[in-house]
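For the sequence shown, counting from 1, position 53 maps to 57 in the numbering used here; every step adds exactly one.
Glycine included, C-beta positions come from ideal geometry on N, C-alpha and C.
As structure tokens, the structure follows; a few thoughts come after it.
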Amino acid sequence: MSPQSNIGFAARVAALYAAIFAMIGVQLPFLPVWLKAKGLDAQMIGVVLAVPMIVRVFAIPLATRMADRRDALRAAIVIAGCVSVLGYGLVGLAEGVLAILFTYALASLVFTPVMPLADTYALRGLGERALAYGPVRLWGSAAFIAGTFVAGYASDIMPARQLIWLVVAVTALIAVAALMLSPLAAAAAHPPEPSTTHKSLLRDPAFVAVLASASLIQASHAVFYSFATLEWRAAQLDGTVIAGLWAIGVVAEIIFFALSGRLPPMIRPTTLLMVGAAGAACRWTAMALDPSAILLPFLQTLHALSFGASYLGALWFVARRAPPGRAATAQGYLAVASGAVMAVAMGLSGLLYAAFGAGAYAAMALAAIAGGGCAAIAHRAGRYPPR
5 MSPQSNIGFA ARVAALYAAI FAMIGVQLPF LPVWLKAKGL DAQMIGVVLA VPMIVRVFAI
65 PLATRMADRR DALRAAIVIA GCVSVLGYGL VGLAEGVLAI LFTYALASLV FTPVMPLADT
125 YALRGLGERA LAYGPVRLWG SAAFIAGTFV AGYASDIMPA RQLIWLVVAV TALIAVAALM
185 LSPLAAAAAH PPEPSTTHKS LLRDPAFVAV LASASLIQAS HAVFYSFATL EWRAAQLDGT
245 VIAGLWAIGV VAEIIFFALS GRLPPMIRPT TLLMVGAAGA ACRWTAMALD PSAILLPFLQ
305 TLHALSFGAS YLGALWFVAR RAPPGRAATA QGYLAVASGA VMAVAMGLSG LLYAAFGAGA
365 YAAMALAAIA GGGCAAIAHR AGRYPPR
């Protein structure tokens, strides 16, 4: 392949990640604000935000297995992206708790497979072209920052009940970016050996330990994702400042991804998971102490570890552990496990925050520590794939 075609492929993948994370950047910090404006209390906000984590348990295995069987990653991404626009449009039209819950479940059903499908597409296509994943993926993180600032500014000048339409608009960009993706070369037709089928992965203690580790560390962000914006607004921080705080965390994540290709080979995926767990435990312990606003930017830089290191470690492990022709399915297992644990954490976050306020972060610190323990188990097993 020519250098120009490689650059074009990487640019299209970067555009897809940018669209996905711009949408997440709008939705993640400010959907709770919209839900509150629609009359939902803290407990119901936690329940609604747990919906994507629940439905992905059913949606992702179906989407990833069909994509593997038909060797149709691009088509699956296009379908999921286009239908997601309609789904979030229905959310915007919903009135009442039950209607919001139902339509958000439908939207999440088609949107949640986009990320594992995109990761599988990117890892396969970039690998075929000998291109690094991190420098392409960081454009998603950069777009997340842009999304948070747009939504933060919008939350200051428009009614909170209208914020959902920003989500719909940015979701449309995902559909456009998906349609621009290049087709992948056909996968080699070689069925895996019986000992390496996708079912054997779930009997591999190291693989299961990594799924548990990544799931617990990512789920430890539940209180932050659900209530950080509401807490900061209650502390009289305006939307632009709040967007800036979210952006600081993502800038740290971008720097980590940009440098990830230079990590020495002795840094194992399980090492990254343990580092991520340590960063998360420190971050949430400090947040549980209700720190002053001046400390928040420093705590946000730990996002490079709590999210970035743990995310990349899990992704690398699973990508290299997947049997031939089962890459999307293996990534689906990771997404489903993370979603199931996050669903529980999101549901509990509303109860914990309503009862303890900032003290709810202490439970998140414990989840991160447990995730680090699972990573240590996988690390000691010694059966890890090389990076």
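For L20, collect the residues of the same chain with a Cβ closer than 7 Å to its Cβ; drop the 5 residues on either side in sequence, then sort them by chain order. Excluding its 5 nearest sequence neighbours in each direction, L20 has C-beta neighbours in its own chain below 7 Å: A122, A181, A182 and L185, listed in chain order.
Going straight from the alpha carbon of P269 to that of T275, what length do you get? 11 Å
Mind reading off the beta-carbon distance from G29 to A150? Whole number of angstroms is fine, and I expect it under 8 Å. 7 Å
At the level of alpha carbons, what is the spacing between A409 and P33? There is simply no residue 409 to check, as the chain begins at 5 and stops at 391 in what is shown.
Cβ atoms of V114 and A155: under 7 Å apart, would you say? no
Inter-residue spacing [alpha-carbon to alpha-carbon] between R287 and G138: Taking the straight line from one Cα to the other gives about 23 Å.
Is the Cβ of F106 closer than 7 Å to any Cβ of chain C? Checking the listed chains, one finds no chain C in this structure; it contains a single protein chain.
Pairing CB atoms from the region 281 to 301 with CB atoms from the region 340 to 350, are three or more of them under 8 Å? Proximity of the region 281 to 301 to the region 340 to 350 falls short of the contact definition, fewer than three beta-carbon pairs being nearer than 8 Å.
Let's test the definition: count the other Cβ atoms within 10 Å of the Cβ of T175 and tell me whether it reaches 16, buried, or not, exposed. Buried.
Give me the Cα-Cα distance between L215 and I381, rounded to the nearest whole angstrom. 12 Å
Residue range of the alpha helix (DSSP H) that includes M350: Per DSSP, the continuous alpha helix (DSSP H) segment holding M350 begins and ends at A331 to F360.
Pairwise C-alpha distance: L205 and P198: Only weak support exists for where P198 lies, its pLDDT of 41 falling under 50; the value from the coordinates is given anyway. Cα to Cα, the separation comes out at about 11 Å.
In chain order, what residues of the same chain have a beta carbon less than 6 Å from the beta carbon of A366, not counting five sequence neighbours either side? Cβ within range, chain order: A292.
With DSSP as the reference, label T116 as helix, strand or coil. coil
The alpha helix (DSSP H) spanning L234 covers which residue range? A226 to A238
Which complete alpha helix (DSSP H) runs does the region 286 to 324 hold, if anything under 4 residues is left out? Considered as a whole, the region 286 to 324 harbours 300 to 304 as its complete alpha helix (DSSP H) runs of no fewer than 4 residues, in chain order.
Closer than 8 Å by C-beta to K40: which residues in its own chain qualify, once you throw out the five before and the five after it? Chain order, please. Closer than 8 Å at the Cβ level, and outside the excluded window around K40, lie I49, A164 and L234.
Under 7 Å between C-beta atoms of Q166 and L249: no
Check L39 in the structure and name its three-state DSSP category. helix
7 Å Cβ cutoff met for L277 and A374: no
Coarse secondary structure for P327, derived from DSSP in three states: coil
Which one of F13, S9, R384 and Q31 has the shortest CA to CA distance from A213? Just measuring C-alpha positions, the residue of F13, S9, R384 and Q31 sitting nearest A213 is R384.
Three-way DSSP call (helix, strand, coil) for S186 in this model: coil
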